[in-house]
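Take the sequence shown: its position 194, counting from 1, is numbered 220 in my numbering, and each next residue is one higher. We put the CB at the ideal spot given by N, CA and C, even for glycine. Everything below concerns the one structure shown next.
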Amino acid sequence: MGDGRERAVVFGALAALGLALAALGLPPLKAFLVCVLALLVALFTNPYQRWRHRHIPGPPYRPLLGHLPEFMTIGSHAFFDDCRAKYGPVFKVWFGARPWVVIADADLGRRANYRLLNRPLAFTNPLARGEMLRSAKEGLFLSRDATWSMLRKVWQPAFHSESLAGYAPGMASEATRLVDRLSEVAAGGAATNIWRDIGAMTMSVVGSAAYGVDFALLAKAPGGDAAAPRRARGKELVQAAAEMFHSSEISNATRYLAAAHLMPVLVPAISLLAAAFPDDRYLKLMRARETLRAASQSLIDTTRSAAHSSSPPPSPSGSAGGKRPMGVAPGSFLGLLLAARDTEGHGLSDCQMAAQANVFTLAGYETTANALSYAIYCVSSSPDAQAKLLAELDALPGAPDREVTVEDLQLLPFTAAVIDEALRLYPPGASTMREARGGLSLGGYAIPDGTAVMVATYSIQRDPAYWPKADAFLPERWLKGHEELAASNPHAYLPFGSGARMCIGYRFALQEARLTLAQLYRRFTFGLEPGQVPLKVKTGITMSPESGVFVRVAERPLRAQAAAAEAEAAPAEAEAAPAETAHAVAA
27 MGDGRERAVV FGALAALGLA LAALGLPPLK AFLVCVLALL VALFTNPYQR WRHRHIPGPP
87 YRPLLGHLPE FMTIGSHAFF DDCRAKYGPV FKVWFGARPW VVIADADLGR RANYRLLNRP
147 LAFTNPLARG EMLRSAKEGL FLSRDATWSM LRKVWQPAFH SESLAGYAPG MASEATRLVD
207 RLSEVAAGGA ATNIWRDIGA MTMSVVGSAA YGVDFALLAK APGGDAAAPR RARGKELVQA
267 AAEMFHSSEI SNATRYLAAA HLMPVLVPAI SLLAAAFPDD RYLKLMRARE TLRAASQSLI
327 DTTRSAAHSS SPPPSPSGSA GGKRPMGVAP GSFLGLLLAA RDTEGHGLSD CQMAAQANVF
387 TLAGYETTAN ALSYAIYCVS SSPDAQAKLL AELDALPGAP DREVTVEDLQ LLPFTAAVID
447 EALRLYPPGA STMREARGGL SLGGYAIPDG TAVMVATYSI QRDPAYWPKA DAFLPERWLK
507 GHEELAASNP HAYLPFGSGA RMCIGYRFAL QEARLTLAQL YRRFTFGLEP GQVPLKVKTG
567 ITMSPESGVF VRVAERPLRA QAAAAEAEAA PAEAEAAPAE TAHAVAA
């Protein structure tokens, strides 16, 4: 890794500290000496961590920086893949001064995910303070122990099978709006960033499914446009969510964040300086967080007012209270939060409720948009896969321009396989993180308590030891009759994690992705703009396209689809049993 990038990381971090100290009125020489002292403190406190992890192999340690330059240039997914080839399935890397133990083995990864419950608090933005820190700790993603267990129970009814069926019409309706938007794009002939187009749709789905609010991000604006205020709120949320994910990448983050990773022992002081003397990137992140917080609080207040002005709310199953919560109606997520009680009968605080709303908003927006964009990229790069996908969709009964329903999904095994295969090649997160506890040993290595353990999802899902033709896009590997392409180890597929902390909303995401992909390819094909193969990706909270996925949209002739639908309606065809997918998602 070039010395220039290394110097930039160090000097950028020190410059942020130096400017902050100068703003406090410290003379330049004293500010410089304080920065040097900070470096020395960081250097002399880190040998203990190096000694604790000395028995675990990994790339050579780089004082102070660790392997931040690799994370910033090639990304964690590619870096972990390189390390796996050199050091085996268990190795350590240094995220600044923090050691991470990485697991790139399917069975060991499953063991880590099932045995370890908590995510390390180090995964929280080290600059978070006060309300921001409390909100991060109280969200489902980073909450721990009894708090996490209680919150997961609160979330479960929102993703019950009955709830998912209720969300489907809203998902299909937003997909239809996306189709209408892309029809205009096709008529204009210009290329579009399908990643951003789909992102507007997924945020709209979050609004309707979780909060009962139509953000109208893709709706055509009639005269007067009564939906303008809701659309403005939706656009603010999209921009804020995009900034949150953008700022999670170390190369795009505030320089104070680099300083915090280089000198974790000084995090309290660095976080105070960042809050007192923020740089532009820190201010952008704070504005995005405030937008999300304000939107969540507004929705909570509206839901609470509605609950107070009416009779007691029904149970999540939609019936009178007393029964075990099952499914919930679209828009009822905040109602679940208001009705939730901990083991002592206390309700959730506003901070806890806002934290859950933020998690739903961010996860629902980004991960499904990524999955669909990757699927379109992969299909557009594979004429054979596209032909099979179109043939399956053309065989659906009914009018060729009708909305795809949740009942249709059982007739679309290849469509499901396309999503599954895209998630294998491009998982929502390049890795999952846990905190080592209780004398954990993996692959013959004792993992010190408190160490961050990373399960390298991207590496495992592309490992030729598990996957024939591992780097090829082959949806057939998920279908019966193609067992020679299937994984040799069932634990080598974990796009949504595994164990107790597996993504609770994965079935929601899969349903939305399958409905939308089917709706899109019933009407269009997509041609990649030149220069995008192979696709460049970036890793932060999620693994997303570096700049997007740019395509030209082409309308499909509906007559051909209508003819195929009529042929499907023939008695002989109607009696044919649909193919089944070999990859079933657990209910």
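Rounded to the nearest angstrom, the Cβ distance from residue 78 to residue 474 is 5 angstroms, consistent with a contact under 8 angstroms. When the alpha-carbon of residue 192 is set against those of 500, 224, 205 and 234, the nearest one is in 234. Between the stretch 203-223 and the stretch 567-577, the count of Cβ pairs shorter than 8 angstroms is three or higher; the stretches touch. The alpha-carbon of residue 489 is positioned some 6 angstroms away from that of residue 496.
Runs of the beta strand (DSSP E) spanning 3 or more residues and lying entirely within the stretch 68-143 occur at 116-121 and 124-129, in chain order. Residue pairing by DSSP places residue 522 opposite no residue, since no beta bridge is assigned to it.
Within the same chain, Cβ atoms closer than 6 angstroms to the Cβ of residue 75 are found at 125, the five residues on either side in sequence being excluded.
In the DSSP assignment, residue 565 falls outside any alpha helix (DSSP H) and within the unbroken beta strand (DSSP E) covering 563-565. Residue burial is scored here from C-beta neighbours: residue 81 has fewer than 16 other C-beta atoms within 10 angstroms and is therefore classed as exposed. Closest in C-alpha terms to residue 559, from the list 521, 406, 454 and 583, comes 406. For residue 554, the uninterrupted beta strand (DSSP E) segment begins and ends at 550-554. The residues 517, 520, 524 and 525, in chain order, have a CB closer than 8 angstroms to that of residue 136 in the same chain once the five nearest residues on each side in sequence are set aside.
Distances from the alpha-carbon of residue 501 to those of 199, 414, 479 and 420 put 414 closest. For a cut-off of 8 angstroms, the C-beta gap from residue 543 to residue 401 is around 6 angstroms, short enough to register as a contact. Assignment of residue 505 by DSSP, reduced to helix, strand and coil, places it in the strand class.
When rounded, the separation of the alpha-carbon atoms in residue 84 and residue 128 is 9 angstroms. The Cβ atoms of residue 166 and residue 479 do not sit closer than 8 angstroms to each other. Between the alpha carbons of residue 300 and residue 452 lies a distance of about 34 angstroms. By the CB criterion at 8 angstroms, residue 569 and residue 455 fall inside the cutoff. For residue 481, the three-state secondary structure derived from DSSP is strand. Inter-residue distance for residue 161 and residue 155 is about 10 angstroms (C-alpha atoms, whole angstroms). Contact between the stretch 236-248 and the stretch 280-292 is not established, with fewer than three Cβ pairs separated by less than 8 angstroms. Note that the C-beta distance between residue 175 and residue 183 is not below 8 angstroms. The beta carbons of residue 229 and residue 208 sit about 17 angstroms from each other, so the pair does not count as a contact at 8 angstroms. Residue nearest to residue 98 within the set 122, 255, 533 and 399 is 122 (criterion: CA-CA distance). Assignment of residue 467 by DSSP, reduced to helix, strand and coil, places it in the strand class.
If you ignore the 5 residues before and after residue 232, its C-beta comes within less than 8 angstroms of the C-beta of 386, 387, 390 and 391, all in its own chain and listed in chain order.
Here residue 381 is not near residue 373, since their CB atoms are 8 angstroms or more apart.
Comparing alpha carbon positions, the residue from 276, 317 and 403 closest to residue 449 is 403. Residue 579 sits in a strand when the DSSP states are folded into three classes.
Look at residue 313 here: in three-state DSSP terms it is helix. Approximately 7 angstroms separates the beta-carbon atoms of residue 499 and residue 411; this is inside 8 angstroms, confirming the contact. Residue state for residue 209 is assigned as helix, using DSSP reduced to three classes. The shortest C-alpha to C-alpha distance from residue 584 to any of 436, 428, 503 and 532 is the one to 428.
Annotation: the continuous beta strand (DSSP E) that includes residue 461 extends over 458-461. By the neighbour-count criterion, in which a residue is buried when 16 or more other Cβ atoms sit within 10 angstroms of its Cβ, residue 369 is exposed.
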